[in-house]
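Below is one structure, written out as structure tokens; the observations come after it.
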Amino acid sequence: YGITSAMLSYPRAFVNYLDTLSGEIRPERIAMIGRNDVVGEDSATGWRNAIDQVDDMEIVVDERFEVGSTDLAPVVRTVEGTDADVIAGNSYAQGSQLFTEAVANVGLSPDFLWFLLGPQVPTWIDSLEATGEYVFGSTPYAYSVPTDANDELFDIAQERYGSLPHYSFGFG
Numbered sequence: 043y044g045i046t047s048a049m050l051s052y053p054r055a056f057v058n059y060l061d062t063l064s065g066e067i068r069p070e071r072i073a074m075i076g077r078n079d080v081v082g083e084d085s086a087t088g089w090r091n092a093i094d095q096v097d098d099m100e101i102v103v104d105e106r107f108e109v110g111s112t113d114l115a116p117v118v119r120t121v122e123g124t125d126a127d128v129i130a131g132n133s134y135a136q137g138s139q140l141f142t143e144a145v146a147n148v149g150l151s152p153d154f155l156w157f158l159l160g161p162q163v164p165t166w167i168d169s170l171e172a173t174g175e176y177v178f179g180s181t182p183y184a185y186s187v188p189t190d191a192n193d194e195l196f197d198i199a200q201e202r203y204g205s206l207p208h209y210s211f212g213f214g
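Going letter by letter, the sequence shown gives residues 43 to 214 in our numbering.
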């Protein structure tokens with residue numbers, strides 16, 4: 043019996059997706075900024091592990107902010123000048139919202155903005171409006187959720203791969 047942090051596996055699905063892209067849209071430089079706690083570190087470790095498995099991607103920023111910070115602009119500015127294609131925010135919903143606002147206020151426009159948690163919170167778009175659109179985040183799935191879409195998703199996974207997917211394989 044063992045317990046492992048799901049935060050270690052959340053980034054894997056997104057990095058796997060990024061690895062399918064080619065040409066000018068394929069990202070090469072990843073900036074990671076996260077909470078200065080076990081959540082931020084585990085998610086950053088997940089990014090490092092996933093990036094180690096693909097070619098031609100590198101981490102150009104790996105910074106932390108203190109839990110409870112209300113102004114993330116100083117840490118977001120560490121991304122300036124790095125030409126980061128992806129900014130990964132390793133935080134929970136409130137930090138992700140502050141982070142998204144800081145990215146916009148600092149004037150950064152990465153090709154991809156990803157968060158551990160945040161975009162799936164119902165108030166995300168209500169709070170951030172257009173700034174919160176086109177932001178990726180982990181989307182955990184559970185086989186026991188009784189929806190037609192979920193049933194179809196797991197039927198396809200069973201047919202293609204012969205097993206049900208890990209609960210955290212999605213992003214959206």
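Even for Gly, the Cβ is constructed at its ideal location relative to N, Cα and C.
Starting from L114, trace the beta strand (DSSP E) both ways and give me its first and last residue.
From DSSP, L114 is part of no beta strand (DSSP E); its letter is neither H nor E.
Distance, Cα to Cα, G204 vs Y59?
21 Å
State the Cα-Cα distance for the pair Q200 and G137, rounded to the nearest angstrom.
36 Å
Neighbour-count burial assignment, I72, 16 or more Cβ in a 10 Å radius
buried
Can you tell me which of the three DSSP states E100 falls into?
strand
Alpha carbon to alpha carbon, what distance is there between T173 and V102?
24 Å
Please tell me whether, using a cut-off of 7 Å, the distance from the CB of G137 to the nearest non-hydrogen atom of the ligand FAD is below it.
With respect to the ligand FAD, the structure shown offers nothing to examine, as it has no ligands at all.
Meets three-Cβ-pair contact criterion under 8 Å: the region 125-137 and the region 150-159
yes
Here's a check: name, in chain order, each residue in its chain whose Cβ is nearer than 8 Å to the Cβ of R119, leaving out the five neighbours to either side.
V148
Rounded to a whole number of angstroms, what is the C-alpha to C-alpha distance between D61 and R68?
7 Å
Exposed or buried, which one is P164 when buried takes at least 16 other CB atoms within 10 Å?
Here P164 is exposed, its C-beta having fewer than 16 other C-beta atoms within 10 Å.
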